[in-house]
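Asks: Going by the UniProt record's numbering, the residue at position 104 of the sequence shown is 104; the numbering climbs one at a time, nothing skipped.
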Amino acid sequence: MKNMQSGQLLDQLESDTKQIILTLHYLLQEDPGILLQQPASGKWSVAQVIEHLNSYGRYYLPLMQQGLNDNTFAANASFTPGWLGNYFTKSMLPKENGQIANKMQSPKDHRPSPDVDSLTVLNEFMAQEKLLLDLLQQARSNDLNKIRIPISIAKFIKLKLGDTFRFLIAHHQRHFVQVANTLEAVRGNHGYTFPAPDFTAR
1 MKNMQSGQLL DQLESDTKQI ILTLHYLLQE DPGILLQQPA SGKWSVAQVI EHLNSYGRYY
61 LPLMQQGLND NTFAANASFT PGWLGNYFTK SMLPKENGQI ANKMQSPKDH RPSPDVDSLT
121 VLNEFMAQEK LLLDLLQQAR SNDLNKIRIP ISIAKFIKLK LGDTFRFLIA HHQRHFVQVA
181 NTLEAVRGNH GYTFPAPDFT AR
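So, in structure tokens, the structure goes:
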């Protein structure tokens, strides 16, 4: 697998996360009722999409924080993605045209309830994103290759910390495309454009 410069990778991931946070500020100004509307029967509302992301953050962020706190490996200027971590990341990322090509079934533990409070969900995700920025900063003084994080669907499988960051943030990007599409669907074509983040220039 092709090596990456650790600093450049962390810079990109930090930039991607800040774009998500910026978009989240717009969502916090939205009508809560709009955020709870499902675009069609069986489809998730915006609040449900964010709650889905929260469920992953509740699992991964504490493990990543623990991994960084418990290990003091010297910083490594180079990061080599693992084949599985690279596969997970690539499968999550939106395509260059901003579309989601490969649909996936969410694991049962990560399927959101239809009964969620939009403000509570958004505030939790904002807190998670701010923690994620802190962890990205902390990771600059550690080795992205050596710290390993068990994945949620099979805890005996562990990804490199660098791949865990990449996968988690790609997952956010994927679902913020869904957020933009959902808002467009529930609002209809009334001249309103949601300022969805641009993840195509990677």
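Virtual Cβ for every residue (Gly too), placed ideally from N, Cα, C.
1. Could you have a look at A154 and say whether DSSP puts it in helix, strand or coil?
2. Grouping DSSP H, G and I as helix and E and B as strand, with all else coil, what is L28?
3. Please classify K160: does DSSP put it in a helix, a strand, or coil?
4. Just the C-alpha distance for A77 and F167, rounded to the nearest angstrom, thanks.
5. For residue 211, report the span of its alpha helix (DSSP H) as first-last.
6. Quick one: Cα of D11 to Cα of V121, how far?
7. Got a sec, what are the start and stop residues for the alpha helix (DSSP H) M64 sits in?
8. Closest to L9 by CA distance: which of L93, L136, W44, Q48 is it?
9. Do D115 and S55 count as a contact pair if the criterion is CB distance below 9 angstroms?
10. Hey, I147 and N71: beta-carbon distance below 9 angstroms or not?
11. Going by DSSP, what residues sit across from R148 in a beta bridge?
12. How big is the Cα-Cα spacing for T200 and G188?
13. Give me, in chain order, the residues of the same chain whose beta-carbon lies closer than 8 angstroms to that of Y59; leave out the 5 immediate sequence neighbours on both sides.
14. Please go through the same chain and pick out, in chain order, the residues whose beta-carbon is closer than 6 angstroms to the beta-carbon of A185, but skip the five residues on each side of it.
15. For D143, which option in R174, T164, N69, A74 has the closest C-alpha, if you only look at C-alpha atoms?
16. With 16 as the cutoff for other CB atoms within 10 Å, does H25 come out buried or exposed?
17. Please report how far the alpha carbon of T80 lies from the alpha carbon of P94, in whole angstroms.
18. Going along the chain, which residues of its own chain have a beta-carbon closer than 6 angstroms to the beta-carbon of S45, five neighbours each way excluded?
19. Who are the near neighbours of L68 in its chain, counting only those whose CB is closer than 8 angstroms to its CB and skipping five residues on each side?
20. Pull up the distance between the alpha-carbon of P150 and that of D117, whole angstroms please.
Replies: On the basis of the supplied data:
1. strand
2. Helix, per DSSP.
3. strand
4. 20 angstroms
5. Residue 211 lies beyond the range of the chain shown here (1 to 202); nothing can be said about it.
6. Cα-Cα distance, rounded: 27 angstroms.
7. Counting along the chain, the unbroken alpha helix (DSSP H) around M64 starts and ends at 46-70.
8. L136
9. No, Cβ-Cβ distance for S55 and D115 is not below 9 angstroms.
10. Yes, the Cβ-Cβ distance between I147 and N71 is below 9 angstroms.
11. K160
12. With a pLDDT of only 46 at T200, under 50, the local geometry of the prediction cannot be trusted, and the value read off the model is given with reservation. When rounded, the separation of the alpha-carbon atoms in T200 and G188 is 25 angstroms.
13. S152
14. Around A185: P39.
15. A74
16. exposed
17. Their Cα atoms are separated by approximately 22 angstroms.
18. L36, Q37, Q38
19. L135, Q138, A139, N142, I147, L161
20. 30 angstroms
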